[in-house]
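So in numbering that gives the first Met the number 0 the end of the sequence shown lands on 202, straight run, no missing numbers.
We put the beta carbon where it would ideally sit given N, CA and C, even for glycine.
Below: one structure, written as structure tokens.
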Amino acid sequence: MGAHGAASHPMTRRKAETKVEISTDKSRWSPALIPGPLVLITSLSSRGEPHAARKSWLTVVSSSPPMLALSCSLSHRTAINILETREFVVNVPGAELAVKAWAAADAVEPETPAPAWSFAGSSRVAAPRLQECRGHLECVLDSVKRIGEQDVVFFARIVAASLDESIVRAQPEERYRLLRSIVFLERDLYGVIEAVRRTPAGR
């Protein structure tokens, strides 16, 4: 399909621009070069107290076995709980929860009251799911890597995943519009995934 394929999908050439050096400090990037998903991590303390906090430094690192990596400050309640109980849940909120999710800070002693959430039982771990969210990944800690003095990366096995039934029953493109997941950009900026595109190769 050589010549025909090249003619059908010509490569778009972008005019070269002068590059400007910027800081390697992610907190100073504008625009964000690597946006991350805005999720809510739920965990339990060793006393069984539920906790929810927003995170965006999270990514899938393996499909077989299913694993993800979550970066967190060691001083955060989320990190303390995960180290104590070795379990947590990734909850995916829709865009309507963006402001409430943003307020879910992760200090051990928060300066402002934490938002109220509807904690619901999970299927495979003791840490709860958030009923308000549309998708959930139940995770069990596999290993831990310290990063500097203040941060830690948790590598965890995904032992269960769940979605709202209405999303599962929808057509593939419609599922993303129903999920309306949030992407953290910088400081107080976020994006919402509302539209999807299909590449020519996928048709």
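| said: Per the DSSP calculation, P241 is bridged to which residue(s)? | reply: Because the chain is modelled from 0 through 202, residue 241 falls outside the range shown and cannot be assessed.
| field | According to DSSP, residues forming a beta bridge with I146 | value | Counting from one through the sequence shown, the residue named residue 146 turns up at place 147. BP columns for I146 point to D150.
| request: Using the Cα positions of A113 and N90, report the straight-line distance between them to the nearest angstrom. | output: Translated into positions along the sequence shown, residue 113 becomes position 114. Translated into positions along the sequence shown, residue 90 becomes position 91. If you take the alpha carbons of A113 and N90, they lie about 16 Å apart.
| said: List, from N- to C-terminal side, the beta strand (DSSP E) runs of 3 residues or more that fit wholly inside the stretch 35-108. | reply: 38-43, 49-54, 57-62, 65-72 and 86-91
| query | Is E137 near V88, with beta carbons less than 8 Å apart? | reply | Translated into positions along the sequence shown, residue 137 becomes position 138. Translated into positions along the sequence shown, residue 88 becomes position 89. Their beta carbons are under 8 Å apart, which means E137 touches V88 by this criterion.
| To which residues of the same chain is E193 closer than 7 Å at the C-beta, ignoring the five residues directly before and after it? | Here residue 193 corresponds to residue number 194 of the sequence shown, with the count starting at 1. Here the set comprises R176 and R179.
| request: Hey, could you find the ends of the beta strand (DSSP E) V182 is sitting in? | output: Taking the sequence shown and counting its residues from 1, one reaches residue 182 at position 183. Unbroken beta strand (DSSP E) run through V182: I181 to E185.
| Roughly how many whole angstroms lie between the Cα atoms of A169 and F118? | Taking the sequence shown and counting its residues from 1, one reaches residue 169 at position 170. Taking the sequence shown and counting its residues from 1, one reaches residue 118 at position 119. So the two alpha carbons sit approximately 26 Å from each other.
| request: Drop a sphere of 10 angstroms on the beta-carbon of I146, count the other beta-carbons inside from all chains shown, and report buried for 16 or more, exposed for fewer. | output: Mapped onto the sequence shown, residue 146 falls at position 147. I146 should be labelled exposed.
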